[in-house]
Each structure stands twice: as structure tokens, then as C-alpha cells.
Amino acid sequence: AAMPTARAEDKVVVFAAASLKDALDAVNKACEADVGEAATVSYAASSALAKQIEGGAPADVFISADLDWMKYLSDKKLTKPDTEVKLLGNQIVLVAP
419 AAMPTARAED
429 KVVVFAAASL
439 KDALDAVNKA
449 CEADVGEAAT
459 VSYAASSALA
469 KQIEGGAPAD
479 VFISADLDWM
489 KYLSDKKLTK
499 PDTEVKLLGN
509 QIVLVAP
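Following the working numbering, the numbering of the sequence shown begins with 419 at its first residue and continues without gaps.
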């Protein structure tokens, strides 16, 4: 499948893991206040978003919670070369009473 493309006048389309909703909503709101325009953000499981991109859904930015799904798209040549960045990370902590 060919890499989807967006027209220059379109809003930036971000596909992001659902776990990032609160943080990205805040960033998007700040961006809109600063430059007068917000991105269009779609939240879902990384696997579902990757499959949508594979199916031709136009996304300018894909923020995955799982590096394997980023690699999945990269292996299918659906990402621009040399644009993958490990941006965020998290850890699971178990606390017992």
C-alpha cells in the first residue's frame, strides 16, 4: 500500500495511543491558543491505528504505545524513512499494602 498523503491546507492529523489522550489534549489546546489551529487527533489502540494507516487512513503523525506497531508500519514502507523517534516511555509499578 502506498503511503497516504495530505494536502498542505489540511489540518495535521495525529493518530495516537489512547493512553496519551489527556496529555495530547492539553498540548493540542495549548497549540490552538498559540497558533490558532489545533491538530485533528484520533485515539485508539496502537494496533487499531496501525491497521487503519495500513488500510490507507491519512495520518501525518503516529504515536504508538508499542514499538512493534511502529516497526510493523515501517517494514511495510508506510512511514517516512528516518522519522521514527522514541519519544516517550513509561514503567509499570506494583505497590502492595
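Yeah, the Cβ is synthetic: ideal placement off N, Cα and C, and Gly gets one too.
Per DSSP, the continuous beta strand (DSSP E) segment holding Ile481 begins and ends at Val479 to Ile481. Within a 10 Å sphere around the beta-carbon of Val511 sit fewer than 16 other beta-carbons, which makes this residue exposed.
Beta-bridge analysis with DSSP links Ser460 to Phe433. When C-alpha distances from Gly454 are compared across Asn446, Ala434 and Ala463, the shortest belongs to Asn446. Between the alpha carbons of Lys495 and Met488 lies a gap of roughly 11 Å. In this structure, DSSP gives Lys447 a helical state, which the three-state scheme calls helix. Contact annotation, Asp478 with Val513: C-beta distance approximately 39 Å; criterion of less than 8 Å not satisfied. The shortest CA-to-CA distance from Ala435 to any of Val459, Lys469, Ser482 and Gln470 is the one to Ser482.
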